[in-house]
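As structure tokens, the structure follows; a few thoughts come after it.
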Amino acid sequence: MKRSKFTFLLLLVVAIASLALVACGGDDEEEETPAPTQPAGQTATATAEASPTTVKAYDEGASDTEIKIGGCYPFSGPAAAYGTIGKSAEAYFKMVNEQGGVNGRKITFITYDDQYSPDKAVQCARTLVEQDKVLFVFNTLGTPSNTAIWDYLNQKKVPHLFVATGATKWGEDPESHPWTMGWQPYYQAESAIYVEYLTKEKPNAKVAILYQNDDYGKDYLEGFKKALGAKYSQVVVKEATYATTDASVAPQVAQLKESGADTFYIIATPKFATQALVAAAQIGWKPFILLNSVSSSIPAVMKPAMDQAGAEAVSNVITTIYTKDPADPEWANDPGMKEYLDFMKKYYPDGNPNDGFNVYGYSVAKTLVEGVLKRAGDNLTRENIMKMATSIKDLRIDMLLPGILINTAPDDYYPIEAEQLAKFDPAAGRWVRFGEVIDVSKKRGG
Numbered sequence: 059m060k061r062s063k064f065t066f067l068l069l070l071v072v073a074i075a076s077l078a079l080v081a082c083g084g085d086d087e088e089e090e091t092p093a094p095t096q097p098a099g100q101t102a103t104a105t106a107e108a109s110p111t112t113v114k115a116y117d118e119g120a121s122d123t124e125i126k127i128g129g130c131y132p133f134s135g136p137a138a139a140y141g142t143i144g145k146s147a148e149a150y151f152k153m154v155n156e157q158g159g160v161n162g163r164k165i166t167f168i169t170y171d172d173q174y175s176p177d178k179a180v181q182c183a184r185t186l187v188e189q190d191k192v193l194f195v196f197n198t199l200g201t202p203s204n205t206a207i208w209d210y211l212n213q214k215k216v217p218h219l220f221v222a223t224g225a226t227k228w229g230e231d232p233e234s235h236p237w238t239m240g241w242q243p244y245y246q247a248e249s250a251i252y253v254e255y256l257t258k259e260k261p262n263a264k265v266a267i268l269y270q271n272d273d274y275g276k277d278y279l280e281g282f283k284k285a286l287g288a289k290y291s292q293v294v295v296k297e298a299t300y301a302t303t304d305a306s307v308a309p310q311v312a313q314l315k316e317s318g319a320d321t322f323y324i325i326a327t328p329k330f331a332t333q334a335l336v337a338a339a340q341i342g343w344k345p346f347i348l349l350n351s352v353s354s355s356i357p358a359v360m361k362p363a364m365d366q367a368g369a370e371a372v373s374n375v376i377t378t379i380y381t382k383d384p385a386d387p388e389w390a391n392d393p394g395m396k397e398y399l400d401f402m403k404k405y406y407p408d409g410n411p412n413d414g415f416n417v418y419g420y421s422v423a424k425t426l427v428e429g430v431l432k433r434a435g436d437n438l439t440r441e442n443i444m445k446m447a448t449s450i451k452d453l454r455i456d457m458l459l460p461g462i463l464i465n466t467a468p469d470d471y472y473p474i475e476a477e478q479l480a481k482f483d484p485a486a487g488r489w490v491r492f493g494e495v496i497d498v499s500k501k502r503g504g
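Reading the sequence shown from the start, the letters are residues 59 to 504 in my numbering.
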């Protein structure tokens, strides 16, 4: 009887121990169970963004408290009108910082004046990377300046984001320069839009072209050539160039008038675009004018031209736009416009709220914050910054025209690919849009 009782107790102890081991084993299995497989189409980056336990990761220029970035702008020199873009972007970051920053971090935005000089842009980029130790370079302005620094930044694997130029090459071959990305619609597509318009509305147009003799001007010209194809030599009767060191383009405009052209395509920066409009009016030339979008600023170009040569100087001018015009009464009650105007009043009171360049600076800075930095979370490595920049999906920036969304992908480095034609109304002092918003993604390659 005693032996039977002992055997029973022994078996009971073994059973209890076995149950305990099973329980412990169950805990181990739960710890070792791999994470669920990602749903189709969901990226690892998206999973990391959604996870509250993502480990913090920083590259140079980032910390628990700071995101340090930098840019080069022409605050002086022949393209100084663009300098306000850098100032409005800086003001936007100041607003973000006052509101708590991005994921608890303040943005430090370091800028230098490169005077629209490629050589000075190189000095600027090297200083930002090697001395200031920025996380990335943001919105440096100008095709010549960015061309001078993109090899250096790509070799250093420093993100070169949302450059302030529409040169086609920023998105043409992402594999060769994967660290550089533009923001605005690209120039060759804009030229193609003008060709389409002329083909439909002025099929017998004789065009004279004034363009800046560098990568910037030549890119616009190339788009016009591609769109016209074999007809280029029949349609374009005269070309003239200028250098940014020229005192005036009046002599070139006089030469273009003598060609007998009835259409004048101005491919210039603001200072020289104003000169071209004024010169044409002063010599009695009254062509239909195509004005490239980066010189369509009302305060920097259109108003000065009117002041110097009268309303006639700007009475027959079209351009393309993709942002809302603060001077347009259509947007008087628009929530996005009200937010922008409040921003300008509080954070950039010295800036002109009607200047499209300030709309640009505000919008590109907002794209960076909403489309890249917030999504990057605590993973502020240069590699992850580029992952975020190349995976923006249907981002709506309130100062872009309705229907225009920002989209990017690893093989799509053109964030904005839509524009609309507009004609200047001298009496109202604003651009009046016409036609539909045009999808320029279909115009790649001319």
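Ideal Cβ placement from N, Cα and C applies to all residues, glycine included.
Here's the rule: buried if 16 or more other CB atoms are within 10 angstroms of the residue's CB, otherwise exposed. What is residue i?
i           : result
residue 94  : With a pLDDT of only 31 at residue 94, under the threshold of 50, the placement of this residue in the model should not be trusted; the figure read from the coordinates follows. Counting Cβ neighbours within 10 Å, residue 94 comes out exposed, since fewer than 16 surround it.
residue 482 : buried
residue 441 : exposed
residue 110 : Because residue 110 sits at a pLDDT of 39, beneath the cut-off of 50, its placement in the model cannot be relied upon, and the following sentence gives the value as read from the coordinates. With fewer than 16 Cβ atoms within 10 Å of its Cβ, residue 110 is classed as exposed.
residue 489 : buried
residue 291 : exposed
residue 223 : buried
residue 386 : buried
residue 485 : exposed
residue 232 : buried
residue 215 : exposed
residue 91  : Legend: pLDDT at residue 91 = 31, less than 50; position of this residue unreliable, no value from coordinates given.
residue 192 : buried
residue 102 : Model confidence at residue 102 stands at a pLDDT of 31, short of 50, so the residue's coordinates are unreliable; what they give is reported in the following sentence. Classification for residue 102: exposed.
residue 217 : buried
residue 206 : buried
residue 342 : exposed
residue 477 : buried
residue 496 : buried
residue 466 : buried
residue 468 : exposed
residue 289 : exposed
residue 293 : buried
residue 383 : buried
residue 121 : exposed
Mind checking who residue i pairs with in its DSSP beta bridge?
i           : result
residue 128 : 168 and 195
residue 116 : 438
residue 256 : DSSP lists no partner for residue 256.
residue 325 : 269
residue 453 : 464
residue 184 : Residue 184 pairs with nothing; no bridge assigned.
residue 218 : 195 and 238
residue 304 : Paired residues: none, contrary to the question.
residue 160 : 163
residue 458 : 381
State yes or no: is the C-beta of residue i within less than 8 angstroms of the C-beta of residue j?
i           : j           : result
residue 472 : residue 281 : no
residue 125 : residue 418 : no
residue 248 : residue 378 : yes
residue 462 : residue 380 : yes
residue 494 : residue 243 : no
residue 434 : residue 147 : no
residue 367 : residue 335 : yes
residue 246 : residue 209 : no
residue 240 : residue 132 : no
residue 331 : residue 349 : yes
residue 250 : residue 285 : yes
residue 361 : residue 136 : no
residue 195 : residue 128 : yes
residue 457 : residue 394 : yes
residue 517 : residue 202 : Nothing can be reported for residue 517, as the shown portion of the chain is limited to 59 through 504.
Which stretch, first to last residue, makes up the alpha helix (DSSP H) that contains residue i?
i           : result
residue 376 : Where residue 376 is concerned, there is no enclosing alpha helix (DSSP H), although the beta strand (DSSP E) it sits in stretches over 375-379.
residue 333 : 328-340
residue 140 : Neither: residue 140 is in no alpha helix (DSSP H) and is coded neither H nor E.
residue 296 : Per DSSP, residue 296 belongs to no alpha helix (DSSP H); it is in the beta strand (DSSP E), 294-300.
residue 406 : Here residue 406 belongs to no alpha helix (DSSP H), and DSSP marks it neither H nor E.
residue 230 : 227-230
residue 426 : 414-426
residue 362 : 361-367
Can you tell me where the beta strand (DSSP E) with residue i in it begins and where it stops?
i           : result
residue 477 : 476-483
residue 497 : 488-497
residue 346 : 346-349
Within 8 angstroms of any Cβ in chain D, is that where the Cβ of residue i sits?
i           : result
residue 201 : Here there is only one protein chain, and chain D is not present.
Comparing the CB of residue i with every heavy atom of the ligand ZN, is any distance shorter than 7 angstroms?
i           : result
residue 269 : Looking for the ligand ZN in the displayed structure turns up nothing, as the structure carries no ligands at all.
Are there three or more Cβ pairs, one per stretch, closer than 8 angstroms when the segment 321-330 is compared with the segment 261-271?
Verdict: yes, contact present.
Spell out a yes or no on whether the segment 418-434 and the segment 446-463 are touching, meaning 3 or more CB-CB pairs, one atom from each, closer than 8 angstroms.
Touching, yes.
Meets three-Cβ-pair contact criterion under 8 angstroms: the segment 178-185 and the segment 153-164
Result no; under three Cβ-Cβ pairs closer than 8 angstroms.
Is the segment 356-376 touching the segment 409-417 in the sense that three or more CB pairs, one from each, lie closer than 8 angstroms?
Per the Cβ contact rule, the segment 409-417 is in contact with the segment 356-376 (3 or more Cβ pairs under 8 angstroms).
Does the structure place the segment 150-157 close enough to the segment 171-180 that three or more beta carbon pairs sit under 8 angstroms?
No, they do not touch.
The segment 388-395 in contact with the segment 361-376 per 3-pair CB rule at 8 angstroms
A contact between stretches requires three or more CB pairs, one per stretch, nearer than 8 angstroms, and the segment 388-395 fails this requirement with the segment 361-376.
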